[in-house]
Amino acid sequence: MIYAENILLCIVVPFIISMFFVRGEVRRYLVAFLLGMGASLISAYISGFVGLVSVMSENDTSIFISPMVEETIKLILLLFFLILIVPKDKTLVMIAVAIGAGFSTFENCCYILTFGAESLTYVMIRGLAVGVMHVVSILSLALWLIFIKRLKAYSFSGVVGGLSLAMIFHSLYNLLVSEPGLTRVIGYLLPLLTALCIYPVFRRTVRSLEE
Amino acid sequence: MNAEVFLDLLRSIVLFTVVVLSVIRIRQRKGKLCMVFFAMAVSSLMLSEIYWLVYDSLRPDIRMPFAANEVSEWAFFMLLGVSLSSRSKLGFSESKKEMFGAVLFAAANVALWIGWSGEWIQDILTGFVYAYFLGVLVTKIKNEGVLNRLQWILLYTDCFLLIAGQTAIFLIPEQLGKFVDLSCYVLLFATCAVFLFAAIFYNIKKDKHEEAVCYSYSAFAWVATTMYMSADIFYLMAMFLSIICFPLMYISIKREVTEE
Numbered sequence: 143m144i145y146a147e148n149i150l151l152c153i154v155v156p157f158i159i160s161m162f163f164v165r166g167e168v169r170r171y172l173v174a175f176l177l178g179m180g181a182s183l184i185s186a187y188i189s190g191f192v193g194l195v196s197v198m199s200e201n202d203t204s205i206f207i208s209p210m211v212e213e214t215i216k217l218i219l220l221l222f223f224l225i226l227i228v229p230k231d232k233t234l235v236m237i238a239v240a241i242g243a244g245f246s247t248f249e250n251c252c253y254i255l256t257f258g259a260e261s262l263t264y265v266m267i268r269g270l271a272v273g274v275m276h277v278v279s280i281l282s283l284a285l286w287l288i289f290i291k292r293l294k295a296y297s298f299s300g301v302v303g304g305l306s307l308a309m310i311f312h313s314l315y316n317l318l319v320s321e322p323g324l325t326r327v328i329g330y331l332l333p334l335l336t337a338l339c340i341y342p343v344f345r346r347t348v349r350s351l352e353e
Numbered sequence: 007m008n009a010e011v012f013l014d015l016l017r018s019i020v021l022f023t024v025v026v027l028s029v030i031r032i033r034q035r036k037g038k039l040c041m042v043f044f045a046m047a048v049s050s051l052m053l054s055e056i057y058w059l060v061y062d063s064l065r066p067d068i069r070m071p072f073a074a075n076e077v078s079e080w081a082f083f084m085l086l087g088v089s090l091s092s093r094s095k096l097g098f099s100e101s102k103k104e105m106f107g108a109v110l111f112a113a114a115n116v117a118l119w120i121g122w123s124g125e126w127i128q129d130i131l132t133g134f135v136y137a138y139f140l141g142v143l144v145t146k147i148k149n150e151g152v153l154n155r156l157q158w159i160l161l162y163t164d165c166f167l168l169i170a171g172q173t174a175i176f177l178i179p180e181q182l183g184k185f186v187d188l189s190c191y192v193l194l195f196a197t198c199a200v201f202l203f204a205a206i207f208y209n210i211k212k213d214k215h216e217e218a219v220c221y222s223y224s225a226f227a228w229v230a231t232t233m234y235m236s237a238d239i240f241y242l243m244a245m246f247l248s249i250i251c252f253p254l255m256y257i258s259i260k261r262e263v264t265e266e
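Chains A and B, in that order, are what the protein sequence lines are. Once you know that position 18 of the first sequence is 160 in our numbering, the rest is easy, because the numbers rise by one and skip nothing. Once you know that position 93 of the second sequence is 99 in our numbering, the rest is easy, because the numbers rise by one and skip nothing.
Put into structure tokens, the structure is as follows:
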């Protein structure tokens, strides 16, 4: 057993102190990063609770329930920023990346503390797979939100559509890595390949936002 | 490879092709809002299909619990509804009767699904998005004047007979129930055939793009209803028909946008 709240506090404190010495976009990035870490903890609580209520095994909870809970919490956080500070599209992209990075950083910390960090190869795979997956899923969601906002087609259905894609992408990853063998390799490669596909879209979007 | 897996694989390939074609049109700036939401809807369903295929290959004998693919199917119905309503403002006040009929039909379907599967929450939530999609569809049909009075009456009768027949199966003796069940299948597939032929006919005709859109979406709505109501070989037949619906819907939207 690990004390996730204590670990969170330990990691968060230096970031909070550093926030006093930075301004503007960097401070926003830090806030979003820290909230992403907090969201990871809250998601773990909710997933655990739902798993207990629905009498699912720990493994099944992480495969079927966690992706839905985690993506919903990340979306809520993104919408919170969107409604509260009404950021420019470029800032929204940055906030999304920070939330995803914070989320996966805390998840990886807990994972390493639970299962150990002896194997550098496995730690690297974990970092490249989960780390990239959380960033990619929320970044695509943010790009979709910007896209429908520009088309003046912001609607509940549009947001749910984006969320469903993020959820199924995350679920597919969890399902693939749950079984050993070729499926696990495909699972680990999935976030990286998606990131490579999304990168040109991201570049083009950022360029158009700068113009 | 069993028939269901084969059809799912085929459906995924068709959905992927439709997504790629839709994205190409959007990138060429030929696609309007309806095409964007249609592409997103089809992407949701495609990923849901892939998820199911992966699950089935990894855990073939274990029933799938509630998972993200269900959320994707809800999103699919919602986005399909938005793709219909995003092209022109729909006059919901003109179609109150039809909307009521659609919601009633969806509610009756939900009651039947619960009766068959016992999955209350999933079925009710699916019912909500299914009702939304049917509501938007009948409003579009009413607004465009695609069906005349007689056709509306025939559709209402069809829906009523279907629900009455399926409900009766719970109450009547088994032998008679089998006959009623078979009659319901005949009714379901005959209506599927009518909608599909109409969709193909209007997609071929040049100046009937509103009709083509309405009939293509209606064909899909009816095929989806048939899938939810069928089992065994009938389910596979309905699944095969659903594969035909996606290119039809894409062509109807593409033509609509191009002719504008």
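Beta carbons: idealized from backbone N, C-alpha and C, even for Gly. Source: prediction; values computed, not measured.
Short check: CB of B/Trp158 to CB of B/Thr197, under 7 Å?
-> Counting from 1 along the second sequence, the entry for residue 158 of chain B is found at position 152. Counting from 1 along the second sequence, the entry for residue 197 of chain B is found at position 191. For the 7 Å CB-CB criterion, B/Trp158 and B/Thr197 do not form a contact.
Sequence-distant residues of its chain with Cβ nearer than 6 Å to B/Arg93 (five each side left out) = One-based indexing of the second sequence puts residue 93 of chain B at position 87. Same-chain partners within the cutoff: Cys40.
Close beta carbons around B/Ile178, own chain, < 8 Å, minus the five adjacent residues each side | As a first step, residue 178 of chain B is located in the second sequence; it is residue number 172 there, counting from the start. Cβ within range, chain order: Val186.
Whose Cβ in chain A lies nearer than 9 Å to the Cβ of B/Ser28?
-> As a working note, residue 28 of chain B is residue 22 in the second sequence. Think of a sphere of 9 Å around the beta carbon of B/Ser28: no beta carbon from chain A falls inside it, the nearest being about 14 Å out.
Answer with buried or exposed for B/Lys260, where buried requires no fewer than 16 other C-beta atoms within 10 angstroms of its C-beta.
-> Residue 260 of chain B sits at position 254 when you count from the first residue of the second sequence. The residue is buried, with at least 16 neighbouring Cβ atoms inside 10 Å.
Touching or not, the region 193-208 of chain A and the region 265-280 of chain A, by the rule of three or more beta carbon pairs under 8 Å?
-> Contact between the region 193-208 of chain A and the region 265-280 of chain A is absent: fewer than three C-beta pairs spanning the two stretches fall below 8 Å.
How should B/Asp213 be labelled, buried or exposed, when 16 other C-beta atoms within 10 angstroms of its C-beta is the threshold for buried?
-> Numbered from 1 along the second sequence, position 207 holds the residue referred to as residue 213 of chain B. That one is exposed.
Distance CB(B/Ala6)-CB(B/Leu86) smaller than 7 Å | Here chain B has residues from 7 to 266 only, and residue 6 of chain B is not among them.
Buried or exposed: where does B/Trp1 fall if 16 or more other Cβ atoms within 10 Å of its Cβ makes it buried?
-> Residue 1 of chain B is absent from the structure shown; chain B starts at 7 and stops at 266.
Apart from the five residues on each side of it in sequence, which residues of its chain come closer than 8 Å, Cβ to Cβ, to A/Leu281?
-> In the first sequence, the residue the question calls residue 281 of chain A occupies position 139. Same-chain partners within the cutoff: Val235, Ala238, Val239, Gly242, Ile340, Phe344.
Contact between the region 105-118 of chain B and the region 138-154 of chain B (3+ Cβ pairs under 8 Å) | The region 105-118 of chain B, when compared against the region 138-154 of chain B, does touch it at the 8 Å Cβ threshold.
Note down the Cα distance separating B/Val219 from B/Ser258, rounded to an integer number of angstroms.
-> Reading the second sequence from its first residue, position 213 is the one you call residue 219 of chain B. Reading the second sequence from its first residue, position 252 is the one you call residue 258 of chain B. Rounded to whole angstroms, B/Val219 to B/Ser258 spans 5 Å at the Cα level.
In the DSSP assignment, find the alpha helix (DSSP H) that holds A/Pro156 and state where it starts and stops.
-> The count along the first sequence starts at 1 and reaches residue 156 of chain A at position 14. Start and end: 146-161.
In whole angstroms, what separates the C-alpha of A/Asn250 from that of B/Ile127?
-> Reading the first sequence from its first residue, position 108 is the one you call residue 250 of chain A. Reading the second sequence from its first residue, position 121 is the one you call residue 127 of chain B. Distance between the alpha carbons of A/Asn250 and B/Ile127: 33 Å.
In angstroms with no decimal places, state the Cα-to-Cα distance between B/Glu125 and A/Phe257.
-> On the second sequence, residue 125 of chain B is found 119 positions in, with the first residue counted as 1. On the first sequence, residue 257 of chain A is found 115 positions in, with the first residue counted as 1. Taking the CA atoms as reference points, B/Glu125 sits about 37 Å from A/Phe257.
Using a Cβ-Cβ cut-off of 7 Å (strictly less than) and excluding sequence neighbours within five positions of B/Ile175, which residues of its own chain qualify?
-> Looking up residue 175 of chain B in the second sequence gives position 169. Only Gly183, Val186, Asp187 meet the Cβ criterion.
Status (buried if at least 16 other CB within 10 Å, exposed otherwise) for B/Gly171 | Position 165 of the second sequence, counted from the start, is the residue given in the question as residue 171 of chain B. Only buried fits B/Gly171, as 16 or more other CB atoms lie within 10 angstroms of its CB.
When we look at the beta-carbon of B/Leu202 and count the other beta-carbons within 10 Å, is it buried (16 or more) or exposed?
-> Here residue 202 of chain B corresponds to residue number 196 of the second sequence, with the count starting at 1. Around the CB of B/Leu202, 16 or more other CB atoms lie within 10 Å, so the residue is classed as buried.
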